[in-house]
Amino acid sequence: MLVTSGGQFPSFHFLIILFIIVTTVRSGSARITSTFTRSEWPSTDIPWIMKLLQFQRVTMSTAKALYAVKLPSIEVHITQGDYDGKAVIITWVTTDEPGSSKVLYGTLEKKYDFSAEGNVTNYTFSNYSSGYIHHCLVHGLEHDTKYYYKIGDGGSSREFWFQTPPKIDPDTSYTFGIIGDLGQTYNSLSTLEHYMQSGAQTVLFVGDLSYADRYEFNDVGVRWDSWGRFVSEVLHISHGFGLLEIMK
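So for the sequence shown, this note's numbering puts the first residue at 5; every next one is plus one.
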């Protein structure tokens, strides 16, 4: 503590210190606490075998995206591809045949000046066989830039976009969401829609994710597939990070 020779705290110095503390606290308090709460308890799993458009609690845009399981390429996800935010990894799944692992991309809609070649893999677990899982690293991107990209071949191709993060700087503003224990319930749907309305640029999924541990054998893989389709509405445009869960 700063004191004078007489043992009393100088009011001028006190005001300076108080001003520094107040301005520091104000500049550092940029976070916002949401008042959002899940409305249903206990949570009820979404019955994926029924058409989601039949549920009144599902918005039309989200239902169309979730019901896109019939499209040739599904479960389209983006994750950050490097530490600087100048690369992304685009992941998608094709069902009937592998197809191309190439990604076309550019800064203008439907005009793709660049391309990147990825790889494809699949796996089996018990009686379950996965789809063809494509991973493609797209690097050398510019910060804070909107990119359009295209995956797939011919009539089965699909087009999306993503926004790269701003350049790293102590004063850079960046909004991201953290979602834990998402699952695949009506509350999960409400949570995702709330995140999409927040304007966040990245989402961090902290487990648990699909709640596949309640299922056995081939149903485990099916459960993960349904979760992948479920979050595709968010992750084909927003960078996502999550935990890797392994079934032993």
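Virtual Cβ for every residue (Gly too), placed ideally from N, Cα, C.
Strand pairing of residue i, partner residues [DSSP]
i	result
His-138	Trp-96, Val-124
Ile-83	As written in the sequence, residue 83 is Thr, which differs from the Ile given in the question. Answer by DSSP bridge pairing, in chain order: Ile-93.
Lys-115	Leu-112
Gln-167	Lys-150
Gly-187	Per DSSP, none; premise fails for Gly-187.
Ile-155	Val-107, Arg-162
Asp-49	Thr-189
Ser-133	Thr-128
Enclosing beta strand (DSSP E) for residue i [first to last residue]
i	result
Thr-195	Where Thr-195 is concerned, there is no enclosing beta strand (DSSP E), although the alpha helix (DSSP H) it sits in stretches over 190-201.
Leu-208	206-210
Short CB-CB distance (under 7 angstroms) between residue i and chain B
i	result
Val-80	Although the question refers to chain B, the structure presented lacks it and comprises just one protein chain.
Nearest-angstrom Cβ-Cβ length linking residue i and residue j, presumed shorter than 8 angstroms
i	j	result
Tyr-152	Gly-110	6 angstroms
Thr-168	Leu-145	5 angstroms
Gly-156	Ser-47	Not really, about 34 angstroms apart at Cβ, beyond 8 angstroms.
Ile-50	Tyr-190	6 angstroms
Where residue i sits in the DSSP three-state scheme
i	result
Gly-181	strand
Asp-217	helix
Asp-175	coil
Asp-88	coil
Gly-232	helix
Gly-225	helix
Rounded C-alpha distance that separates residue i from residue j
i	j	result
Val-97	Val-80	7 angstroms
Gly-122	Ile-93	9 angstroms
Val-29	Ser-105	A caution first: Val-29 carries a pLDDT of 47, below 50, which makes its placement in the model too unreliable to give a value.
Glu-197	Gln-205	14 angstroms
Tyr-136	Tyr-127	8 angstroms
Asp-185	Gly-232	14 angstroms
Ala-91	His-138	16 angstroms
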